[in-house]
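Engineer:
Shown next as structure tokens:
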């Protein structure tokens, strides 16, 4: 699933319950072997589970038939679950959420025993037999009804676009239970056979090809799908609606690819149709095994919350914003994003689908690996995008989140249901990918690839754990690496490594030490143990660059260098490939800037600056020293380097006192104005992906944050016909112009409700949210509670703020209208209601800290996944307050020297 990054089911209630489904014995079944999640019960009645179901009954296959009409608010279903009962039992436990069971029976050997089904807790079903069931093979059959969600994009949900209604499913992680009574855990991996009864004009798609389609009556048809290969419940999927089907060709092996797009939108699916089969081919090449399923459909969902795409086996779903591209105006960045997300979801067809984690504590095997491989795939697909250089940005993002004392482990124990929801974060995705990058470089790409292939071959169609994966990699490498991997998987945080050259007696050595990185004043968890860190270090030797590599396996170590003279400089993270931070002295940083710079790659220069700027923002190194690197980075003229150079002033903006803001804006204009003016607001026909990205970063900083008059005037002029602009600059122009022009603000505010294009509508909401005038912000906030606007889109007005005053206005608006907002906002994903905690954490004021923390916990701490989100938001607020306290004197001194020219008469 791509987070940062959920399907619905509808049913014809008027037709009555569906007829009995065929006997499930027609479905091929597979034996399931798993380690029990809980102690087996010695009684006939297993205790009510708290997290995982008892293993006394294990499914071996499902047949499900659902009657679905998108015009209705519910669905009816009939499901038969074949399984094996390990011991004589009166009670079986299954998952089920808001399902109403009309009839339930157990069948075996010609016998039929009535079952009483009682909902327990939030999502459990107690299945109690009229008489004890003997050990052996049984089929559980249920007739039931369920609900279609109109707010959350999880379980079975429906959405209406241009007066046409569609039904989708999104079952990862714990939402299959909203559609089927089932064993909703990833180690229950068995065949499924699905049949859908739907209105005749509509199209249905699922994981497998259609085997038959026939008319039932003048309104309804029945669509039967082939039996799947073994799948966990979270990978079962279907969609129903008036889709247009675009032929996307075939892969090199002849596997068909289709795009199922929204009605009348086929032209916008052209890019996806053009490149998807090629991405499958490239992924097959890397794995050296065929794509595992019979077909691949790519399906468009209008709007998603909490995910952008989902890797359902044979049926990948995408949000409209990620997939449908204007053939004339789409930016190069939008095309790159589709390629990256598609490569991510395609990689899952092997990692996650063919081989599935045994439980959610190993979900990084899915998401970290797919993130890692997607970059490799797209680098081969389009070398000009230089995806290999973008690996560092993912690592940096993970390191920022890993600085929290409350950060998760990659392999975080799952103790309660909320832990499953919290598992889909940057630690799982970005840190998981960064750790894979580090170990691939340590072992060598060929060795690592061989280990992955052997792992997949050994575990195909089954489940696996991190231990299985690491064992396969170690076997391919010919040496044990489990302890090194475990040091990064099984504990939170990241190492901070100091390297110092020591020279005496004609010997040159490096003294290396490590500790967990935490911001100043934060406690270091006592359980932190040294990491086993693969390191490569570059250093100066006789005027040239030399390198040495090691596995740092203790808190401190000494490494002898090949040379007698002390190196004039040391860069402790070759190619930025290690997942760790480096701490530097002023002398070391100065040497890297003044002597080593020509010997470092641009990736290494960015790695140095990432560590340096983080240290400066925490008062560990002088701010002026970090700022002295910015012109050198701007000379890099690539999107990665320029973006990183601009991050430091962006971070400083949060600590600039209001009284000094005019001077800060003047400094932005002085430092970055010439470059921003040179690239301009208007795109050029010769623009590359880098040009587009740099324009957005530079012009946003100088034109919006710095209020550069020329850029603002140009944006206001262009905004007169903003809909005609290319996508690469449209949102940028709108944000600057809406902030600068009250008249344009009023027009956008009036027009946003009638804008039919979702991408443009999103740009309008975001521009309205970024205005710095409090009166206009308050006018825009009214959209959030206006029921004519979909709050899943309009909440961007509240979640984005352009100043402290407008942030306070957003916070107050939520407090005033909390009940109305909570009633309409999605709650099943942590990016929905729980994610609003970060809006309050952004206050960054010591005198409001305790009140904000108390309010966040009360407002968001009890929603699904909310407790951890709130704890991390509070810790983030504490970091911001500490940073402001540490830096404000230095910022005052720095900006005190900035002179604002007097206006010309």
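Numbering (our numbering), first residue to last: 2 to 906. We put the CB at the ideal spot given by N, CA and C, even for glycine.
By how many angstroms is the C-alpha of residue 844 removed from the C-alpha of residue 656?
Structural biologist: Position 655 of the chain shown, counted from the start, is the residue given in the question as residue 656. Position 843 of the chain shown, counted from the start, is the residue given in the question as residue 844. If you take the alpha carbons of residue 656 and residue 844, they lie about 11 Å apart.
Engineer: Who are the Cβ neighbours of residue 119 in its own chain at under 8 Å, not counting the five residues just before and after it?
Structural biologist: As a first step, residue 119 must be located in the chain shown, where it is residue number 118. The residues are 126, 127, 129.
Engineer: Is residue 845 helix, strand or coil when you go by DSSP?
Structural biologist: Numbered from its first residue, the chain shown carries residue 845 at position 844. Residue 845 falls in the coil class under three-state DSSP.
Engineer: Should residue 154 and residue 171 be called a contact, given that it needs their Cβ atoms to be closer than 7 Å?
Structural biologist: The residue you call residue 154 lines up with position 153 of the chain shown. The residue you call residue 171 lines up with position 170 of the chain shown. Cβ atoms of residue 154 and residue 171: closer than 7 Å.
Engineer: Helix, strand or coil for residue 828, going by three-state DSSP, please let me know.
Structural biologist: Within the chain shown, the letter at position 827 stands for residue 828. Residue 828 falls in the coil class under three-state DSSP.
Engineer: Do you know offhand how far residue 883's Cα is from residue 440's?
Structural biologist: In the chain shown, residue 883 corresponds to position 882, counting from 1. In the chain shown, residue 440 corresponds to position 439, counting from 1. Residue 883 and residue 440: Cα-Cα distance of roughly 35 Å.
Engineer: Grab the span of the beta strand (DSSP E) containing residue 106 for me, first residue to last.
Structural biologist: For the purposes of this step, residue 106 is identified with residue 105 of the chain shown, where counting begins at 1. Per DSSP, residue 106 belongs to the beta strand (DSSP E) from 101-109.
Engineer: Going by other Cβ atoms of all chains shown within 10 Å of its Cβ, with 16 needed for buried, is residue 710 buried or exposed?
Structural biologist: As a first step, residue 710 is located in the chain shown; it is residue number 709 there, counting from the start. Classification for residue 710: exposed.
Engineer: Pairing CB atoms from the region 301-308 with CB atoms from the region 657-665, are three or more of them under 8 Å?
Structural biologist: Contact fails: fewer than three Cβ-Cβ distances are below 8 Å.
Engineer: Would you check if there are 3 or more beta carbon pairs closer than 8 Å linking the region 214-225 to the region 90-98?
Structural biologist: The region 214-225 vs the region 90-98: no contact.
Engineer: To the nearest angstrom, report how far apart residue 248 and residue 51 are at their CA atoms.
Structural biologist: Mapped onto the chain shown, residue 248 falls at position 247. Mapped onto the chain shown, residue 51 falls at position 50. Approximately 46 Å between the Cα atoms of the pair.
Engineer: Who are the near neighbours of residue 675 in its chain, counting only those whose CB is closer than 8 Å to its CB and skipping five residues on each side?
Structural biologist: For this step, residue 675 is matched to residue 674 along the chain shown. Same-chain partners within the cutoff: there are none.
Engineer: Distance, Cα to Cα, residue 887 vs residue 817?
Structural biologist: For the purposes of this step, residue 887 is taken as residue 886 along the chain shown, with counting starting at 1. For the purposes of this step, residue 817 is taken as residue 816 along the chain shown, with counting starting at 1. Distance between the alpha carbons of residue 887 and residue 817 is about 34 Å.
Engineer: Which residue wins for smallest C-alpha separation from residue 571, given the options 133, 103, 538?
Structural biologist: In the chain shown, residue 571 corresponds to position 570, counting from 1. For the residues 133, 103, 538, the minimum Cα distance to residue 571 belongs to 538.
Engineer: Give me the Cα-Cα distance between residue 552 and residue 579, rounded to the nearest whole angstrom.
Structural biologist: By one-based count along the chain shown, residue 552 stands at place 551. By one-based count along the chain shown, residue 579 stands at place 578. About 11 Å.
Engineer: Counting C-beta neighbours from all protein chains within 10 Å, is the total for residue 422 16 or more, i.e. buried, or is it exposed?
Structural biologist: Position 421 of the chain shown, counting from 1, holds the residue named residue 422. Looking at its Cβ environment, which holds 16 or more other Cβ atoms inside 10 Å, residue 422 is buried.
Engineer: How would you write the range of the beta strand (DSSP E) that residue 766 sits in, first residue to last?
Structural biologist: Against the chain shown, residue 766 aligns to sequence position 765. No beta strand (DSSP E) contains residue 766, which is instead part of the alpha helix (DSSP H) from 759-770.
Engineer: By the DSSP assignment, the alpha helix (DSSP H) with residue 319 in it spans what residues?
Structural biologist: Indexing the chain shown from 1 puts residue 319 at position 318. Run containing residue 319: none in the alpha helix (DSSP H); it sits in the beta strand (DSSP E), 316-320.
Engineer: For residue 205 and residue 250, what's the separation of their Cα atoms in angstroms?
Structural biologist: By 1-based counting over the chain shown, the position of residue 205 is 204. By 1-based counting over the chain shown, the position of residue 250 is 249. Distance between the alpha carbons of residue 205 and residue 250 is about 20 Å.
Engineer: Does the region 99-108 touch the region 51-60, meaning 3 or more C-beta pairs lie closer than 8 Å?
Structural biologist: No, they do not touch.
Engineer: Within this structure, are the beta carbons of residue 121 and residue 73 separated by less than 7 Å?
Structural biologist: Position 120 of the chain shown holds residue 121. Position 72 of the chain shown holds residue 73. No, they are not a contact pair.
Engineer: Is the beta carbon of residue 161 closer than 7 Å to that of residue 81?
Structural biologist: Within the chain shown, numbered from 1, the residue matching residue 81 stands at position 80. Within the chain shown, numbered from 1, the residue matching residue 161 stands at position 160. Taking 7 Å as the Cβ cut-off, residue 81 and residue 161 do not qualify as a contacting pair.
Engineer: Which class does residue 728 belong to by DSSP, given the choice of helix, strand or coil?
Structural biologist: As a working mapping, residue 728 is identified with position 727 in the chain shown. In the structure shown, residue 728 sits in a helix (DSSP, three-state: H, G or I).
Engineer: Is there contact here, the region 677-693 with the region 725-738, by at least three beta-carbon pairs under 8 Å?
Structural biologist: These segments touch.
Engineer: For a test of the three-state rule: what should DSSP assign to residue 227, helix, strand or coil?
Structural biologist: On the chain shown, residue 227 is found 226 positions in, with the first residue counted as 1. Coil at residue 227, not helix or strand.
Engineer: Closer than 8 Å by C-beta to residue 659: which residues in its own chain qualify, once you throw out the five before and the five after it? Chain order, please.
Structural biologist: On the chain shown, residue 659 is found 658 positions in, with the first residue counted as 1. The residues are 805.
Engineer: Under DSSP, the beta strand (DSSP E) around residue 556 begins and ends at which residues?
Structural biologist: Position 555 of the chain shown, counted from the first residue, corresponds to residue 556. Unbroken run through residue 556: none, as it is neither H nor E.
Engineer: In chain order, what residues of the same chain lie with their CB nearer than 7 Å to the CB of residue 532, ignoring the 5 residues before and after it?
Structural biologist: Position 531 of the chain shown, counting from 1, holds the residue named residue 532. These residues qualify, in order along the chain: 488, 489, 496, 515.
Engineer: In chain order, which beta strand (DSSP E) runs of at least 3 residues are fully inside the region 470-553?
Structural biologist: DSSP runs (the beta strand (DSSP E)) wholly in the region 470-553: 496-505, 508-517, 534-542, 545-553.
Engineer: Compare the beta carbon distance of residue 929 and residue 653 with 7 Å and say whether it is the shorter of the two.
Structural biologist: No answer is possible for residue 929: the residues shown for the chain start at 2 and end at 906.
Engineer: Classify residue 881: buried if its beta carbon has 16 or more other beta carbons within 10 angstroms, exposed otherwise.
Structural biologist: To locate residue 881, count along the chain shown from 1; it is residue 880. Answer is buried; the Cβ neighbour count reaches 16.
Engineer: Is residue 27 helix, strand or coil when you go by DSSP?
Structural biologist: One-based indexing of the chain shown puts residue 27 at position 26. Any reading at residue 27 must be qualified, since the residue scores a pLDDT of 46, below 50, and its modelled position is unreliable; no value is offered.
Engineer: Inspect the beta-carbon positions of residue 244 and residue 261 and report whether they are closer than 7 Å.
Structural biologist: Within the chain shown, the letter at position 243 stands for residue 244. Within the chain shown, the letter at position 260 stands for residue 261. It is a contact, given that the beta carbons lie within the stated cut-off.
Engineer: Taking its Cβ as the centre, do 16 or more other Cβ atoms sit within 10 Å of residue 565, making it buried, or is it exposed?
Structural biologist: Here residue 565 refers to the residue found at position 564 of the chain shown. That one is exposed.
Engineer: Which residue's Cα is closest to the Cα of residue 344: 379, 358, 363?
Structural biologist: For the purposes of this step, residue 344 is taken as residue 343 along the chain shown, with counting starting at 1. The shortest Cα separation from residue 344 among 379, 358, 363 belongs to 379.
Engineer: By the three-class DSSP mapping on this structure, what secondary structure does residue 672 have?
Structural biologist: Locating residue 672 in the chain shown gives position 671, counting from the first residue. Correct three-state label for residue 672: helix.
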